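Before any comments, here is the structure.
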Amino acid sequence: MTFHHHSPRKRASGYSILQGFIRNNDNLSAVISAQMEIWKFKITGIYPEL
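For the sequence shown, the numbering used here gives the first residue as 2, with consecutive numbering after it.
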């Protein structure tokens, strides 16, 4: 039972830490979103039907 209760809490805290990290690093999130746009362009360039 201890493991069953511990697992969701651990996942939630990890998620909130990640959210806080992204929120506190606006430059990083801008770089990530720019990278996603580049990948979207590359993928649609390779697979135009998408």
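All C-beta atoms in this analysis are idealised placements derived from N, C-alpha and C, irrespective of residue type, glycine included. Only a predicted model underlies this, so the values are computations on that prediction, with no experimental measurement involved.
Under the three-state reduction of DSSP, residue 26 is assigned to coil, being neither helix nor strand. Counting only the Cα atoms, residue 36 lies some 22 Å from residue 16. A direct Cα-Cα distance of roughly 27 Å separates residue 22 from residue 42.
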